[in-house]
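Right, one structure below, let's go through it.
Protein chains: 2
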Amino acid sequence: MTTATNNAKEDLIRLLGKEKVFTRDDGKLDLGTFDSYGTDRTKVYKPNYQILILPETTEDVARAVDYAYQNGIAIVPSGGRTGYAGGAVAKDSEIVISLTKMNKIVDFDPFLGTLHIQAGMITKELHAQAEERGFYFPVDFAATGSSHIGGNIATNAGGVRVVHYGLIRDWILGLTVVTGKGDVLRFNGEILKNNTGYDLKHLFIGSEGTLGIITEAVVKLTKPPKDIRVVFLAVPEYKNILEIFKETHNFSLPLLAFEFLTDYCLNKVKEHLGVPDPFPAPSEYYVLMEYEISEESDEEKLFAILESITEKELITDGSIAQNTRQNQTFWKYREGISESLSLAYTVHKNDISLPLRNMETFLYDMQSLLSSKYQGFEIALFGHIGDGNLHLNIVKPKELTDSDFFQKCKQVDPEMFQLIQKHKGSISAEHGIGLLKKDYLVFSRSQTEIDSMRAIKAVFDPKGIMNPGKVL
Amino acid sequence: MTTATNNAKEDLIRLLGKEKVFTRDDGKLDLGTFDSYGTDRTKVYKPNYQILILPETTEDVARAVDYAYQNGIAIVPSGGRTGYAGGAVAKDSEIVISLTKMNKIVDFDPFLGTLHIQAGMITKELHAQAEERGFYFPVDFAATGSSHIGGNIATNAGGVRVVHYGLIRDWILGLTVVTGKGDVLRFNGEILKNNTGYDLKHLFIGSEGTLGIITEAVVKLTKPPKDIRVVFLAVPEYKNILEIFKETHNFSLPLLAFEFLTDYCLNKVKEHLGVPDPFPAPSEYYVLMEYEISEESDEEKLFAILESITEKELITDGSIAQNTRQNQTFWKYREGISESLSLAYTVHKNDISLPLRNMETFLYDMQSLLSSKYQGFEIALFGHIGDGNLHLNIVKPKELTDSDFFQKCKQVDPEMFQLIQKHKGSISAEHGIGLLKKDYLVFSRSQTEIDSMRAIKAVFDPKGIMNPGKVL
């Protein structure tokens, strides 16, 4: 540890109290735990940092950032560390500020239906707090048991019900942030309407900690769906998936999720998680639909939808889950894919989005690219197809070593990103940019946009201390 | 006209063609029409400008702005000029760029349900274009027959169904803007998910033309409500209004609008627009609710809601409109207020928002303020109460001259804005800041926020040529 760090440690203890400041070698946390605060699920970067701060209030955060700003010390904001883009990795001796202790409710407004919470609240806890008050917070995904709401906001999280509820951006009414200058900005979350100048809140949503630290949020709540029905469909051709999706537009039943997977993916789930076959005969593609059911007539609507897509010969088979257990099985076909793949294969993940109408030609181009230049590379294809969001995972061929495979993937990526750009898609639908996709940002944003982003970063973080090296 | 302007005129004709460039004295437009392009509905500022440009494409706009940027000439972007804050006033010899000819459809995506349009399309035309394609664009308000969609976006328009559909911000997927440097930024509207750096689009929404000119938009569409029911309620006490609103949360029937007015307002509408009494006995307050009805069981839900609020003695009377004509009458009670007031009185308008839970104490404080310091001032109170949005109109006492009245209002405003700030509201819910409320921005945004806004403006408009003097 350098003298600078020693000074920083003592200064920060003076500012915040010693129970909120930890160092790698102070023996207060075991090394594994200490390191875990400086990394995420990306696993390609090693944490390397000395000072961890666990603030309890926005004022604590402001004091710490102000100190860092005065002394030009870099900061990594740390939430639930469930990201896949290296956005929360501290690998260059930054100070890590983890919001893990900032998990309290600040306020509840029953008229607006909003909860004001500290940003370190675990997403699942927010679900529970909403439920306790007769409300529902609809942003949901696999990692909600450990992700923080602040991290969700900083990465504009999506999840499985975006097709109905939108991204988390749509559920944030107010934010409190500490900028890279240590200033506290409180974007009013008490009111629905406030047309008084630029909506700065939206800059911080999805900024991956590069402008400041989100310390509190006012989230909107809604009413929970009364009941749901999960439907699993066998779809013979890719183009039918889009036709089925379009068909759902013709019915007023609320479609909560519209997911898809290939037979390749289903086989991996069956193989590794021991789930039964959904249908007697296999199919090239499968679609999972989840519908909200409020009353008896909704069941009839659901039958009408299935009848319509059956009559149009868009599916070869289909089944409505009859109970909660079967709901879970159907969801397992889709949500078990990542786990099954990680159990037995080396995988290179990509999380991309495309206009639905360009998806088929993109997939065709992508297959051509792989078969012409990367023989043996197989694609595990699944995702939130209703949102145009594909999880395009490339599975390592047996004959390649891991390092050869990842080396090859580094060549595939820019070629794939070029295809995505050509088809007007995004190189990162949900996972963000972080460290991992920084070099490829130009495939989704123009140089003028990137220059503007840098200039905006300089407004809130003139010394570049907030999560340096991420995104921009 | 100065030599500079003469040069500008000739240069712009060279750049754009003479059919797109107009001057005050070229005789191509009568003076009234020419002037109308440089003003809005505020009526307190006089237009004073020499050059009007009517571009047809984003490239036209970019060429004009680039020229203005190179030569340091100020620009006022002009849409349908229906604003109430002076945001579209050209009073200091700016060039006016009106998007009135940019009213074409660029693209339609039936999968996403989006329309890509030029920003000069009239809002009502967008409604029609959506309907023609089996969709619905839900942002609606009195001025949609003349307002442009670009102006709606630049002011983050709301309207009568925000309580259900949100503000226009929620319906914008993509934007094309020309910045104050003449750069064209195209924020991808082809995809729902794109977590690749800062969402700059949201900065331009609600920026009132101070960062650049919105030239195209990709708007999301939804499905139209199958049917609606309009309900009018007599409410004896203010606090009951909030109780009724809370009660609506307990039912799954979609509430499209929740509006209120005082007896004072209803009397003005009856007096000047010749509508019948809604109920045999008058009431201190009235509430208008509009519900979406999709099927028969929804009618039962509506009855259940009315039964519940009747049982709880929250209303003294209530009526469900039985046909389209009655729908219109009920809406007239609410939407006829502005017209009735303007027919017979001098009025000082305010469009504010407050947390619903603070509304009652705010109104009490406001009444105390008026009766202690501004005797004879009466308040016409109505608005989108479900959104916490009040139209607080102060009606001139007979004994005051117009100029004395407005002088007094200038004293009332900051005192009222202080109350709004104390109760955590906004000094401008929908109308924006423009010229009219610029001096009062500090009552809704902190100095640090305002400084950040100025610095962000400098990123996109370094020479300060975009709508100078507005907002900041």
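Protein chains in written order, with the working numbering: chain A, 1 to 472; chain B, 473 to 944. Beta carbons are placed, not taken as given, at the ideal position from N, Cα and C, and that holds for glycine.
Name the two residues that bound the continuous beta strand (DSSP E) containing GLN522(B). Along the second sequence, read from residue 1 onward, the residue named residue 522(B) stands at position 50. Note, GLN522(B): premise wrong, no beta strand (DSSP E); not H, not E.
Integer Cβ distance of PHE199(A) from GLY678(B), believed to fall under 8 Å: Reading the first sequence from its first residue, position 199 is the one you call residue 199(A). Reading the second sequence from its first residue, position 206 is the one you call residue 678(B). Reading off the sequence, residue 199(A) comes out as Asp, not Phe. Indeed they touch by this definition, with Cβ atoms about 6 Å apart.
Exposure of PHE506(B), with buried meaning 16 or more beta-carbon neighbours within 10 Å: Here the question's residue 506(B) lines up with position 34 in the second sequence. Taking every protein chain shown into account, the CB of PHE506(B) has 16 or more other CB atoms within 10 angstroms, so this residue is buried.
How would you list, in chain order, the residues of chain B whose beta-carbon sits under 9 Å from the beta-carbon of ASP170(A)? Start at 1 with the first residue of the first sequence, and residue 170(A) comes out as number 170. The answer, in chain order, is GLY638 and ASP642.
Kindly list, in the order they appear in chain A, the residues whose Cβ is closer than 9 Å to that of LEU582(B). Translated into positions along the second sequence, residue 582(B) becomes position 110. The residue asked about is misnamed: residue 582(B) is Pro in this sequence, not Leu. Near PRO582(B) (Cβ distances below 9 Å), the residues of chain A are LYS246, HIS249 and ARG357.
Please check if any C-beta of chain B sits within less than 8 Å of the C-beta of VAL459(A). In the first sequence, the residue the question calls residue 459(A) occupies position 459. Chain B contact via Cβ: present.
Indicate whether the contact test is met: 3 or more Cβ pairs, each with one atom in the stretch 180-192 of chain A and one in the stretch 678-691 of chain B, closer than 8 Å. The stretch 180-192 of chain A makes no contact with the stretch 678-691 of chain B: fewer than 3 CB pairs, one atom from each, lie closer than 8 Å.
Let me know the secondary structure DSSP gives THR33(A) once reduced to three states. In the first sequence, the residue the question calls residue 33(A) occupies position 33. Of the three classes helix, strand and coil, the one that applies to THR33(A) here is helix, per DSSP.
Within 8 Å (strictly less), CB to CB, does VAL471(A) reach chain B? As a working mapping, residue 471(A) is identified with position 471 in the first sequence. True, the Cβ-Cβ gap to chain B drops below 8 Å.
Out of curiosity, what's the CA-to-CA distance linking MET473(B) and GLY499(B)? On the second sequence, residue 473(B) is found 1 positions in, with the first residue counted as 1. On the second sequence, residue 499(B) is found 27 positions in, with the first residue counted as 1. Because the pLDDT of MET473(B) is 37, which lies under 50, any placement of that residue in the model is unreliable, and the question is left without a value.
What separation, rounded to the nearest whole angstrom, lies between the Cα atoms of SER565(B) and GLY606(B)? Position 93 of the second sequence, counted from the start, is the residue given in the question as residue 565(B). Position 134 of the second sequence, counted from the start, is the residue given in the question as residue 606(B). Their Cα atoms are separated by approximately 45 Å.
Please determine if the stretch 267-282 of chain A and the stretch 323-341 of chain A are in contact, where contact requires at least 3 C-beta pairs separated by less than 8 Å. Result yes; three or more Cβ-Cβ pairs closer than 8 Å.
Rounded to the nearest angstrom, what separates THR475(B) and SER825(B) at their Cα positions? Stepping through the second sequence from its first residue, residue 475(B) is reached at position 3. Stepping through the second sequence from its first residue, residue 825(B) is reached at position 353. In this prediction, THR475(B) scores a pLDDT of 46, lower than 50, which makes its location untrustworthy; the coordinate-derived value is nonetheless stated afterwards. Spanning the two alpha carbons is a distance of roughly 47 Å.
Taking ILE379(A) as the reference, give the member of HIS116(A), LEU16(A), THR316(A) and ASP351(A) with the closest Cα. Taking the first residue of the first sequence as position 1, residue 379(A) is located at position 379. Checking every option, the nearest Cα to that of ILE379(A) belongs to ASP351(A).
Nearest-angstrom Cα distance between VAL395(A) and TYR69(A)? Here residue 395(A) refers to the residue found at position 395 of the first sequence. Here residue 69(A) refers to the residue found at position 69 of the first sequence. Cα to Cα, VAL395(A) sits roughly 44 Å from TYR69(A).
Minimum Cβ-Cβ distance from MET289(A) to chain B less than 8 Å: On the first sequence, position 289 is the one that residue 289(A) refers to. MET289(A) does not count as touching chain B.
Report the three-state DSSP secondary structure of PHE723(B) (helix, strand or coil). On the second sequence, residue 723(B) is found 251 positions in, with the first residue counted as 1. DSSP places PHE723(B) in coil when its eight states are reduced to three.
Let me make sure I understand the geometry here. Which of GLN794(B), ARG806(B), LEU693(B) and LYS695(B) has the alpha-carbon closest to that of PHE732(B)? Numbered from 1 along the second sequence, position 260 holds the residue referred to as residue 732(B). Nearest C-alpha to PHE732(B) among GLN794(B), ARG806(B), LEU693(B) and LYS695(B): ARG806(B).
Do ASP735(B) and SER766(B) come within 8 Å of each other at the CB atom, strictly closer than that value? One-based indexing of the second sequence puts residue 766(B) at position 294. One-based indexing of the second sequence puts residue 735(B) at position 263. No, these two residues do not count as a Cβ contact at 8 Å.
Quick one: what does DSSP say ILE420(A) is sitting in, helix, strand or coil? As a working note, residue 420(A) is residue 420 in the first sequence. ILE420(A): helix per DSSP, three-state reduction.
8 Å Cβ cutoff, GLY558(B) in contact with chain A: Indexing the second sequence from 1 puts residue 558(B) at position 86. So, not an interface residue.
Residue-chain proximity (VAL634(B), chain A), Cβ-Cβ < 8 Å: Counting from 1 along the second sequence, the entry for residue 634(B) is found at position 162. Output row for VAL634(B): interface = yes.
What did DSSP end up calling SER146(A) once you bin it into helix, strand or coil? Position 146 of the first sequence, counting from 1, holds the residue named residue 146(A). Under the three-state reduction of DSSP, SER146(A) is assigned to coil, being neither helix nor strand.
Is there a Cβ from chain B that is less than 8 Å from the Cβ of THR176(A)? Taking the first residue of the first sequence as position 1, residue 176(A) is located at position 176. At a cut-off of 8 Å between beta carbons, THR176(A) makes no contact with chain B.
Residues sharing a beta bridge with GLU762(B), DSSP: As a first step, residue 762(B) is located in the second sequence; it is residue number 290 there, counting from the start. DSSP, once it has assigned bridges, lists VAL702(B) and ALA729(B) as partnering GLU762(B).
When the cut-off is 8 Å and only beta carbons count, does ILE293(A) lie next to chain B? One-based indexing of the first sequence puts residue 293(A) at position 293. Chain B, which has no Cβ nearer than 8 Å to the Cβ of ILE293(A), makes this no.
Which class does THR475(B) belong to by DSSP, given the choice of helix, strand or coil? In the second sequence, the residue the question calls residue 475(B) occupies position 3. Confidence at THR475(B) is low in this model, with a pLDDT of 46, below 50, so the placement of that residue is unreliable and no value is reported for it.
Own chain, CB closer than 7 Å to MET121(A), minus 5 neighbours either side, in chain order: By one-based count along the first sequence, residue 121(A) stands at place 121. The answer, listed in chain order, is ASN103, HIS148 and ILE149.
Strictly below 8 Å CB to CB, what residues from chain B border LEU524(A)? For chain A, the structure presents residues 1 to 472; residue 524(A) sits outside this window and is missing.
Does the beta carbon of ALA455(A) come closer than 8 Å to any beta carbon on chain B? Looking up residue 455(A) in the first sequence gives position 455. By this cut-off, ALA455(A) is an interface position.
Step through the CB atoms of chain A and report whether any lies within less than 8 Å of the CB of ASP859(B). Counted from its first residue, the second sequence places residue 859(B) at position 387. ASP859(B) counts as touching chain A.
Partners in chain A for ASN660(B), counting only beta-carbon separations shorter than 8 Å: Position 188 of the second sequence, counted from the start, is the residue given in the question as residue 660(B). What ASN660(B) touches in chain A, judged by beta-carbon distance under 8 Å, is LYS424, SER426 and SER444, going in chain order.
Close Cβ partners of GLN302(A) (< 8 Å) along its chain, the five nearest in sequence each way excluded: To locate residue 302(A), count along the first sequence from 1; it is residue 302. Here the sequence assigns Leu to residue 302(A), which means Gln is not the residue at that position. ARG229, VAL231, LEU253, TYR291, ILE293 and ILE320, listed in sequence order.
Take the Cβ of THR554(B) as the centre, count every other Cβ of all protein chains shown within 10 Å, and call the residue buried at 16 or more, exposed below. Numbered from its first residue, the second sequence carries residue 554(B) at position 82. Buried, by the Cβ-count rule.
Below-8 Å beta-carbon distance, HIS588(B) vs any chain A residue: Here residue 588(B) is taken as the residue at index 116 of the second sequence, counted from 1. By the rule that beta-carbons nearer than 8 Å mark a contact, HIS588(B) does not touch chain A.
Range of the contiguous alpha helix (DSSP H) that encloses HIS599(B): Here residue 599(B) refers to the residue found at position 127 when the second sequence is read from its first residue. Run containing HIS599(B): 595-604, per the alpha helix (DSSP H) assignment.
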